[in-house]
Amino acid sequence: MPVVVRRLLVSLLVVLASTALMYGLVALSGNPLQDLLEYSGPDRDARIAARTAALDLDEPVPVRYALWLQDVGRCVVPGGGDCTLGLDRQSRPVLPQLGSALGSTLRLVAAATAGAMVVGVVAGVVSALRQYGAFDHAATLVAFVCFSLPVFWVSTLLKQYVAIDLNTWLGDPSLAYGTIVAIGLAAGAGWALLVGGSARRRALVLVVAAAATSSTLLALIISGWFRRPSLGVLGVAVSAVVAALLWSALLVGLRRRARPVLRGAIGSAVVGAAVVAVAQSRLADATWLTLGLVAVLVVALAALTGWALGGHARRAAAQVAALTGGTVVVLMVVDQLLRAYPALYHATDGRPVSTTGSRTPNLDGTFWETNLDLALHLVLPTIAVMLVSVATYTRFTRSGMLETLAQDHVRTARAGGLDERDVVVGHALRNALVPLVTLVAFDLAGILGGAVVVETVFGWNGLGRLFATGLANVDPNPVMAFFLVAAVATVTCNLLADLAYARLDPRIRLR
Amino acid sequence: MRGRVKNAVRGGRRFAVLTARSPCRRWLQGAEQEVSAGLGSVAVTGLRTPTMLAREVRVRTRRGVAGVCAVLTGVLVAGCGTASSPPDGDGTAPTTPELADTITVGIDQPPDTYNPGTAESSSIYNAYVGNLTQQAFTTARPDGTLVPNEVYGTYVKTSDDPLTVEYTFAADAVWSDGTPIDFDDALLAWAALSGAYSGDGATGEGDDAEGDAPAEGARPGLFGAASTSGWALVEKLEGEPGDKTFTMVFSEPYPDWEVLAGGFMPAHVAAEEGGLSAADDGAELVEAIRTDDVEALAPVAEFWSTGWSFPDGLTSLPDLDLIPASGPYRYESAAEGALTLVRNERWWGEPARTEHLVFATVGADEMVQALENGEIDVFDQANPTTDMVTRLSALGDAVHVETGESLAYSRLDLDSSSTGVFDDVRVRQAFGRCVPRQDLVDKFARPIEPDSEILQLRELVPAQAAYDQVLDQVPVAAEYRDVDLEGARALLAEARVSTPLRVRVLYAAGSTLRADQVALVAASCNQAGFAVEGRPDPDLFGTLAQRGGWDAAIFGWYASELVTAGESSYVTGGGLNFGGYSNREVDRLWTELGRETDRAAALELRTRLERLLWEDPYNVPLYANPGLLAYSSVVSGPAYNPTQYGSSWNAQTWTKASG
Chain A
1145 MPVVVRRLLV
1155 SLLVVLASTA
1165 LMYGLVALSG
1175 NPLQDLLEYS
1185 GPDRDARIAA
1195 RTAALDLDEP
1205 VPVRYALWLQ
1215 DVGRCVVPGG
1225 GDCTLGLDRQ
1235 SRPVLPQLGS
1245 ALGSTLRLVA
1255 AATAGAMVVG
1265 VVAGVVSALR
1275 QYGAFDHAAT
1285 LVAFVCFSLP
1295 VFWVSTLLKQ
1305 YVAIDLNTWL
1315 GDPSLAYGTI
1325 VAIGLAAGAG
1335 WALLVGGSAR
1345 RRALVLVVAA
1355 AATSSTLLAL
1365 IISGWFRRPS
1375 LGVLGVAVSA
1385 VVAALLWSAL
1395 LVGLRRRARP
1405 VLRGAIGSAV
1415 VGAAVVAVAQ
1425 SRLADATWLT
1435 LGLVAVLVVA
1445 LAALTGWALG
1455 GHARRAAAQV
1465 AALTGGTVVV
1475 LMVVDQLLRA
1485 YPALYHATDG
1495 RPVSTTGSRT
1505 PNLDGTFWET
1515 NLDLALHLVL
1525 PTIAVMLVSV
1535 ATYTRFTRSG
1545 MLETLAQDHV
1555 RTARAGGLDE
1565 RDVVVGHALR
1575 NALVPLVTLV
1585 AFDLAGILGG
1595 AVVVETVFGW
1605 NGLGRLFATG
1615 LANVDPNPVM
1625 AFFLVAAVAT
1635 VTCNLLADLA
1645 YARLDPRIRL
1655 R
Chain B
82 MRGRVKNAVR
92 GGRRFAVLTA
102 RSPCRRWLQG
112 AEQEVSAGLG
122 SVAVTGLRTP
132 TMLAREVRVR
142 TRRGVAGVCA
152 VLTGVLVAGC
162 GTASSPPDGD
172 GTAPTTPELA
182 DTITVGIDQP
192 PDTYNPGTAE
202 SSSIYNAYVG
212 NLTQQAFTTA
222 RPDGTLVPNE
232 VYGTYVKTSD
242 DPLTVEYTFA
252 ADAVWSDGTP
262 IDFDDALLAW
272 AALSGAYSGD
282 GATGEGDDAE
292 GDAPAEGARP
302 GLFGAASTSG
312 WALVEKLEGE
322 PGDKTFTMVF
332 SEPYPDWEVL
342 AGGFMPAHVA
352 AEEGGLSAAD
362 DGAELVEAIR
372 TDDVEALAPV
382 AEFWSTGWSF
392 PDGLTSLPDL
402 DLIPASGPYR
412 YESAAEGALT
422 LVRNERWWGE
432 PARTEHLVFA
442 TVGADEMVQA
452 LENGEIDVFD
462 QANPTTDMVT
472 RLSALGDAVH
482 VETGESLAYS
492 RLDLDSSSTG
502 VFDDVRVRQA
512 FGRCVPRQDL
522 VDKFARPIEP
532 DSEILQLREL
542 VPAQAAYDQV
552 LDQVPVAAEY
562 RDVDLEGARA
572 LLAEARVSTP
582 LRVRVLYAAG
592 STLRADQVAL
602 VAASCNQAGF
612 AVEGRPDPDL
622 FGTLAQRGGW
632 DAAIFGWYAS
642 ELVTAGESSY
652 VTGGGLNFGG
662 YSNREVDRLW
672 TELGRETDRA
682 AALELRTRLE
692 RLLWEDPYNV
702 PLYANPGLLA
712 YSSVVSGPAY
722 NPTQYGSSWN
732 AQTWTKASG
């Protein structure tokens, strides 16, 4: 595949050039001995000498860059000696630091990318379908606000209102009735915009959704759900059936011919819920292995159920049923995490949502407590990093959808009598999503950049911290380690995106 | 709902017609039409005509909608009420307030090693942890006075010439793994810290390693100690394995001998990791050092230098067997920059009050929110901003804030070399008289610490106990307390310099604080005949080292508990004497001070030095920077401490009410 080889070579050159530029900029950004020159301890000179040796400060910057390249080369070429990625200014190898920093940052990047895609694509599709409607205008407004919000500022606000104030509220979960109604009305208004339709229909949606939201909230508060939250087997079962309905409606429609699929999906939801009911008590002290096994079991049973009940559409039924099974697994995990909440609440002295760090120190909890703690630490930084990406995805999907919806093949499909769901999901959305592949690769760099700011504000020991402290200390090697990861990831993703593009869109050929 | 309900009989059925003036009305009518329209295709059922059916449904809908409206209105009217959850648990409050088992201290950066004596140890927070896990023969009080730590052991000076001190570890002193703290630990400290085996020419005999950096690129030999100052003067310790007593004999008098006796590492761990047996109270290691068996010592030294380092970012701890403690707390675990200590059950002194102590790494800007959110319980800040103080005071009673003057201070150094603008002592005196020090204190220190005052000494700061006593005997300092423009002008005239005299004041680029301060200095001193120009410099200390590029420099420095710490700033040719100041009497006093082992006599010498440094000034001390300690009101015990031990100096006495 000469194309791939050529692209790889070009990518390599791009990485090389950008690292050279970056190294020079960092190395020249200040005096790396600044803090030691201000230091008056008896070991001042020894420390200066140690740092000079660690950073090769006696060499000019280009030579230092070459030495750094050599260090990188040791990691690439097998048997090339110690792979350290160079030393930091305290003479410690950078590679182990990179390793420990990578974990938490990957969690953040993965959560933010996934979240941004889901929210962005849904909002974009709905915006396109309701072009120039209230939802479209609202989404456009929100997207542009997200584009222009400084990440550090959003992070600080999130910490104040979502962490500190929410924690205080969780300590005594109570709401004035007026507030409950107001929240219900706001939710209702949101649903009304989302569902659309005639003014009357929207008003009906508003009232029903408002009433449902308010009464649910009221019930949750009065029953003390916010102190001991859980979905329960019943909750999982009901949510699973609803999910089965939604997945069937979205993927195959609810018309008569597709009824077997719906039957299979609902059947799989029931089977999944049954498995959950049985497994529930045993999952209390789960590990990743047991959880994985249960997940595979649920999805496999769900797919089998779909296949069995699917009649003439058994293939589609099995697929939708497997999706439903996956949803059941997610619900089960959420349920278990919620059950761990009271213990975590106690362990954190009643402040479960945190503003700093990526985990509660010294939390010696069960599998679920530990993971709930990680999730609660992850949620605010993820939201902060996501905002810009959500805006990008929304605008991108919207314009892509509008473009495909206006194309001839869509009009032909409509003229041929296909129902609107088939047209939108099967013909328009599929085509509109192809360019999104490029965007994901492109957006990764943005998310990594956002992670730098967010990790600093939220006190995470991740890649962003490595970068920020390295830069502040004029310590090039940790900065370069971050940059290497970011550059390689971006270049690789772009390469993969180009290759995937050619597969997804037969009109494009790599030459 | 206000409105009129009219009962009527139509088609043999009673139903209500709502003619409401409520907001629901228009919506109701709309809904009614929609429902009617939707019924157009309903088939005839039973005896009812489509029209009848439509009416019936219309009525039901109206009733339903009216109901919803009524409920919503009712809820709105009751809007002042509050829905709340039932209290958790059995509802009975505990009769005695419970104590929490964990207190969390916020620190800016994680500690980086168990062995703070190595050259690679650089985190100032090592001392925060160390005073709880590894004790020494002395501790420093918050006011800087040194007190013997008699729980750990006792010491007595038995001779002045040669300086000889006899130390005795407490009889029940043991590491947290049960091994007694005894002679091998002291001997290892000597081997590592005296530089006897460092291989860079530093021998144990009278070679003060200060300023004697290893040659360029040279690997440190055995034991990469951060400093051999003091220990280098100590003769090899004599004793037997298992002895609780050892004697330090100094080849030369050393004024800071009392702070030396610390930094004891567990020799049994180093010996075992270095391939020696730890049996018989470390007899093998003692023998190896006694016979200078460098080959046997090399792996021990290697472990001493690197084996106790923590991974960067404190992602984990070394094996707990390697890091036993000799204080009220011992190490338990670490993850993501947070270090957990647990009460040391083998500690022979007063037990720690709280089971766990966590040091969590939190950025300085994030401390206030973390404290508010209960993620940390205590933090201190050496460089608080007024913004931080404002945000903390906004938290009200939930947080206690203590401010005080720290050991860090701001000063203005003058290029006093023969080529400098301030060559003539009268010009330096004139500058000292025109710098508006009270203004600087009022604007930059008092907003945070209201009791801040002008700094009037150079080697002592107000936070130190000796400050007032010494200041009383330095009357010359008072001459400079108030701005004296007349006096400054007169001195300049006397010195016959042409005015306005240009003074380039160097300060750290990007510091608005320093820029504002230089502007204040300029506003005052320009009236006295100077022409002050601010020179922001991104590489302040690099530029400082090269004379000629600056005339004066404003920067922060810090006072130390060590008697000799300030020497290199003032002696002729000193490494930190950027301005080329030289005064033979000052040099002589420093030399004398360097040999004085009696604390009272040393203070007397320091007083003379302070007097001299005002009569022939090299710089202008401005003010001690304010420091801050904040802690949650559920915690009791923390107190502000500006010394190296910081907030955790008395953490073994803290308690926290359970939430």
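If you read the sequences in order, they're chains A and B.
The first sequence runs 1145 to 1655 under the numbering used here.
The second sequence runs 82 to 740 under the numbering used here.
Every residue, glycine too, gets a C-beta built ideally from N, C-alpha and C.
Computed from a prediction, not measured in an experiment: that's the story for all the values here.
Spatial distance of residue i from residue j (CA atoms)
i: B:Gln725; j: A:Ala1194; result: 23 Å
i: A:Val1414; j: A:Val1385; result: 7 Å
i: B:Ile188; j: A:Asn1605; result: 14 Å
i: A:Val1306; j: A:Val1529; result: 15 Å
i: A:Arg1653; j: A:Gly1264; result: 29 Å
i: A:Asp1179; j: A:Val1269; result: 53 Å
i: A:Leu1152; j: A:Arg1251; result: 27 Å
i: B:Pro175; j: B:Ser739; result: Because B:Pro175 carries a pLDDT of 48, less than 50, the predicted location of this residue cannot be relied on, and the following value inherits that uncertainty. Computed Cα separation, rounded: 11 Å.
i: B:Val449; j: A:Asp1309; result: 14 Å
i: B:Thr751; j: B:Leu684; result: In the structure displayed, chain B extends from 82 to 740; residue 751 of chain B sits before or after that span and is not available.
i: A:Ala1641; j: A:Pro1579; result: 9 Å
i: B:Gln216; j: B:Gly647; result: 26 Å
i: B:Ile370; j: B:Leu378; result: 7 Å
Short Cβ contact (8 Å threshold) for residue i with residue j
i: A:Ala1595; j: A:Val1351; result: no
i: B:Ala682; j: B:Leu541; result: no
i: B:Ala307; j: B:Thr235; result: no
i: B:Gly194; j: B:Asn207; result: The sequence shown places Thr at residue 194 of chain B, not Gly. Yes. Within cutoff.
i: A:Asn1506; j: B:Thr421; result: yes
i: A:Ala1363; j: A:Val1349; result: no
i: B:Leu587; j: B:Leu621; result: yes
i: B:Val340; j: B:Pro243; result: no
i: B:Thr442; j: A:Gly1603; result: yes
i: B:Ala463; j: B:Gly708; result: yes
i: A:Gly1230; j: A:Val1221; result: no
Residue i, enclosing alpha helix (DSSP H) - first and last residue
i: B:Asp618; result: From DSSP, B:Asp618 is part of no alpha helix (DSSP H) but of the beta strand (DSSP E) over Phe611 to Asp618.
i: B:Ala589; result: No alpha helix (DSSP H) contains B:Ala589, which is instead part of the beta strand (DSSP E) from Leu582 to Ala589.
i: A:Met1545; result: Phe1511 to Leu1549
N- and C-terminal bounds of the beta strand (DSSP E) containing residue i
i: B:Trp638; result: Ala633 to Tyr639
i: A:Thr1228; result: Taken as a continuous stretch (DSSP letters only), A:Thr1228 belongs to no beta strand (DSSP E), as it is neither H nor E.
i: B:Glu247; result: Leu244 to Phe250
i: B:Tyr412; result: Tyr410 to Ala416
i: A:Val1220; result: Here A:Val1220 belongs to no beta strand (DSSP E); instead the alpha helix (DSSP H) covers Val1205 to Val1220.
**Request:** May I ask you to list, following chain order, the residues of the segment 443 to 465 of chain B that have a beta carbon less than 7 Å from some beta carbon of chain A?
**Result:** Residues Val443, Gly444, Glu447, Gln450, Ala451, Glu453, Asn454, Gly455 and Glu456.
**Interfacial residues, the segment 613 to 627 of chain B to chain A, with Cβ spacing under 7 Å** = Cβ contacts with chain A: Pro619, Asp620, Phe622 and Gly623.
**Request:** Scan the segment 1591 to 1644 of chain A and note each continuous alpha helix (DSSP H) run of 4 residues or more that stays entirely inside, going in chain order.
**Result:** Counting whole runs of 4 or more residues, the segment 1591 to 1644 of chain A contains the alpha helix (DSSP H) stretches 1607 to 1616.
**Prompt:** Given a limit of 8 Å on CB to CB distance, which residues of the segment 321 to 341 of chain B reach chain A?
**Reply:** Close to chain A, meaning a Cβ-Cβ distance shorter than 8 Å, is no residue of the segment 321 to 341 of chain B at all.
**Prompt:** Enumerated in chain order, which unbroken segments of the beta strand (DSSP E) with a length of 3 residues or greater are wholly contained in the segment 437 to 523 of chain B?
**Reply:** With a minimum length of 3 residues, the continuous beta strand (DSSP E) runs that stay inside the segment 437 to 523 of chain B are 437 to 442, 459 to 462 and 480 to 495.
**Minimum length 3: unbroken beta strand (DSSP E) runs contained in the segment 1295 to 1336 of chain A** = The segment 1295 to 1336 of chain A contains these whole beta strand (DSSP E) runs: 1318 to 1320.
**Request:** Please specify which runs of the alpha helix (DSSP H), each continuous and at least 4 residues long, are wholly inside the segment 644 to 724 of chain B, giving them in chain order.
**Result:** Scanning the segment 644 to 724 of chain B from its first residue to its last, the whole alpha helix (DSSP H) runs of 4-plus residues come out as 648 to 651, 665 to 674 and 680 to 696.
**Interfacial residues, the segment 1281 to 1296 of chain A to chain B, with Cβ spacing under 9 Å** = Listed by position, the residues of the segment 1281 to 1296 of chain A near chain B (Cβ gap below 9 Å) amount to none.
**Message:** Beta carbons nearer than 9 Å to chain A: which residues of the segment 532 to 562 of chain B have them?
**Reply:** Answer set for the segment 532 to 562 of chain B: empty.
**Prompt:** Between the segment 383 to 394 of chain B and chain A, which residues of the former have CB atoms less than 9 Å from a CB of the latter, in chain order?
**Reply:** If the cut-off is 9 Å between Cβ atoms, the segment 383 to 394 of chain B has Ser390, Pro392, Asp393 and Gly394 near chain A.
**Short-range partners of chain A found in the segment 175 to 204 of chain B, where Cβ spacing is below 8 Å** = Listed in sequence order: Ala181, Thr183, Thr185, Asp193, Ala200, Glu201 and Ser203.
**Request:** Please go through the segment 333 to 378 of chain B and give each complete alpha helix (DSSP H) segment of 4 or more residues, from N-terminal end onward.
**Result:** List check, alpha helix (DSSP H) in window: 338 to 341, 348 to 354 and 360 to 371.
**Request:** Would you list, in chain order, the members of the segment 1299 to 1319 of chain A that have their beta-carbon closer than 8 Å to a beta-carbon of chain B?
**Result:** Listed by position along the chain: Thr1300, Lys1303, Gln1304, Ala1307, Ile1308, Asn1311, Asp1316, Pro1317, Ser1318 and Leu1319.
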